[in-house]
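Below you'll find the structure, written out as structure tokens, and then a few comments.
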Amino acid sequence: MLYTAGVGHPVRPLRCHAVFPAALPHTRVISFDVEEHHRIEAAAGVAVPVGSQRAYGERMERVTLDLLDRLAAANVLATFFVVGDIAETRPRLVRAIHAAGHEIGSHSWDHRRVHHFDPKSFRDDLLRSKDAIEQVTGERVTGFRAPTFSVTRETGWAIDVLAECGFEYDSSIFPVRHDRYGIPDAPRGPFIAQGAEQELLELPPLTYRVAGVNLPVAGGGYFRLFPPAIMRAGLQQAARGEQNVAMLYFHPWEFDPEQPRLPLGRLSRWRTYVGVGKTTDRLERLLQGYSFRRAIDVARDLRTETLPRYRVAEEVKAAGVALA
Ligand SMILES: [Zn+2]
Numbered sequence: 005m006l007y008t009a010g011v012g013h014p015v016r017p018l019r020c021h022a023v024f025p026a027a028l029p030h031t032r033v034i035s036f037d038v039e040e041h042h043r044i045e046a047a048a049g050v051a052v053p054v055g056s057q058r059a060y061g062e063r064m065e066r067v068t069l070d071l072l073d074r075l076a077a078a079n080v081l082a083t084f085f086v087v088g089d090i091a092e093t094r095p096r097l098v099r100a101i102h103a104a105g106h107e108i109g110s111h112s113w114d115h116r117r118v119h120h121f122d123p124k125s126f127r128d129d130l131l132r133s134k135d136a137i138e139q140v141t142g143e144r145v146t147g148f149r150a151p152t153f154s155v156t157r158e159t160g161w162a163i164d165v166l167a168e169c170g171f172e173y174d175s176s177i178f179p180v181r182h183d184r185y186g187i188p189d190a191p192r193g194p195f196i197a198q199g200a201e202q203e204l205l206e207l208p209p210l211t212y213r214v215a216g217v218n219l220p221v222a223g224g225g226y227f228r229l230f231p232p233a234i235m236r237a238g239l240q241q242a243a244r245g246e247q248n249v250a251m252l253y254f255h256p257w258e259f260d261p262e263q264p265r266l267p268l269g270r271l272s273r274w275r276t277y278v279g280v281g282k283t284t285d286r287l288e289r290l291l292q293g294y295s296f297r298r299a300i301d302v303a304r305d306l307r308t309e310t311l312p313r314y315r316v317a318e319e320v321k322a323a324g325v326a327l328a
């Protein structure tokens, strides 16, 4: 069935249920963005010797295997957004994640933000990463998380490319105000992101709305910096809405307090390493206190026809031309 979005563009049909099931009750997703520590955005432009890169890779692998043990002990299935290059260089790790029953999504080929690409080169990067992961797992990759949540107004055309490449959902739009990312007025719960010509289900990271502002409480630096009560308040607030999904995110390197520090500037250094000694205990408490599902399972249970639609692409015509 082809139907029409608000401004009259033909859009790719979303899956419709023949018989409408009950709305999805509130649920939670735990996700991990799997990249080696030296690939983080804060280290862009920092020359890291090859030997150190390898060492970060080995540490990342060890920590990820430890996370798999912790998830298994808590009987939790998660979603891992993996950098495609890791599927090629460390296939055993990717196979171990997959064999444990977790979902594997794409986290780009080598962790460059979407802003570095145009639609064509982004498509190449995306397919390269998708193919590398699929070669290892034998299963289709259907979820995407952009490095540093870099699907923003400027890069809204990424929604079209993701939909064209067969992705079922994206989790890259952070509805917050931040110097590096975010679309502050995007919906806080699941929504249908509209590109220039295509639509895609979006699962935004968890925010806590207080005094008219969306506080990012989904994980990463916020998880390390804020007291755990703030994330719990965000989880409670999200739990009040049906069809709501509390999407949390972490990185393996955040659970490795002993790792050698990257030579970063003062602000980046603080942002990167604040609270790294507390994360493992905090994660354990989350795993014991809440139930979680894989993003793809939640995505397939959502009644997409009832979700809000939100136009992401900044310049509809310009993006359309660029895609042609
Ligand atoms: Zn990342």
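The numbering of the sequence shown is this note's numbering, which starts it at 5 and goes up by one.
C-beta: ideal position from N, C-alpha, C; glycine also.
| Item | Value |
| --- | --- |
| Per-residue DSSP class, three states only, for residue 207 | coil |
| Ligand 1 heavy atom lying under 7 Å from the CB of residue 151 | yes |
| Nonlocal neighbours in the same chain, by C-beta distance under 6 Å from residue 284, ignoring five residues either side | 259 |
| Whole alpha helix (DSSP H) elements within the region 91-161, 4-residue minimum | 95-103, 123-141 |
| Beta-carbon proximity check, residue 34 vs residue 296, cutoff 8 Å | yes |
| Presumed contact (8 Å Cβ cut-off) between residue 212 and residue 238, rounded CB distance | 3 Å |
| Element boundaries [beta strand (DSSP E), containing residue 220] | 217-220 |
| For residue 68 and residue 163, the rounded distance between their alpha carbons | 29 Å |
| Residue 33: first and last residue of the uninterrupted beta strand (DSSP E) it sits in | 31-38 |
| Inter-stretch contact (C-beta, 8 Å, three-pair minimum) for the region 129-146 and the region 180-195 | no |
| Closest residue to residue 47 among 276, 307, 298 (Cα-Cα distance) | 276 |
| Any 3 or more C-beta pairs closer than 8 Å across the region 53-66 and the region 76-89 | no |
| 8 Å contact criterion, which residue 159 and residue 247 should meet: CB distance rounded | That pair is no contact at about 26 Å. |
| Close-in-space but distant-in-sequence residues of the same chain around residue 224 (CB under 8 Å, 5 per side omitted) | 253, 254, 255, 258 |
| Under 8 Å between C-beta atoms of residue 97 and residue 108 | no |
| Residue-level contact to chain D via CB, residue 303, 8 Å cutoff | Here there is only one protein chain, and chain D is not present. |
| Residue 321, buried or exposed, once every other Cβ within 10 Å from all chains shown has been counted against 16 | Note that residue 321 has pLDDT 46, beneath the 50 cutoff, so the model's placement of it is unreliable and the number below is only indicative. Answer is exposed; the Cβ neighbour count stays below 16. |
| Environment of residue 233 [buried if 16+ CB atoms lie within 10 Å] | exposed |
| Contact under 8 Å by Cβ, residue 175 with residue 251 | yes |
| DSSP-derived helix/strand/coil call for residue 311 | coil |
| Span separating the alpha-carbon of residue 272 from that of residue 314 | 32 Å |
| Which residues DSSP lists as bridging residue 198, in chain order | 203, 315 |
| For residue 250, the first and last residue of its enclosing beta strand (DSSP E) | 249-254 |
| Proximity of residue 130 and residue 154 at Cβ, strictly below 8 Å | no |
| Host alpha helix (DSSP H) of residue 227 (start-end) | 224-229 |
| Assigned exposure category for residue 216 - 16 Cβ within 10 Å defines buried | exposed |
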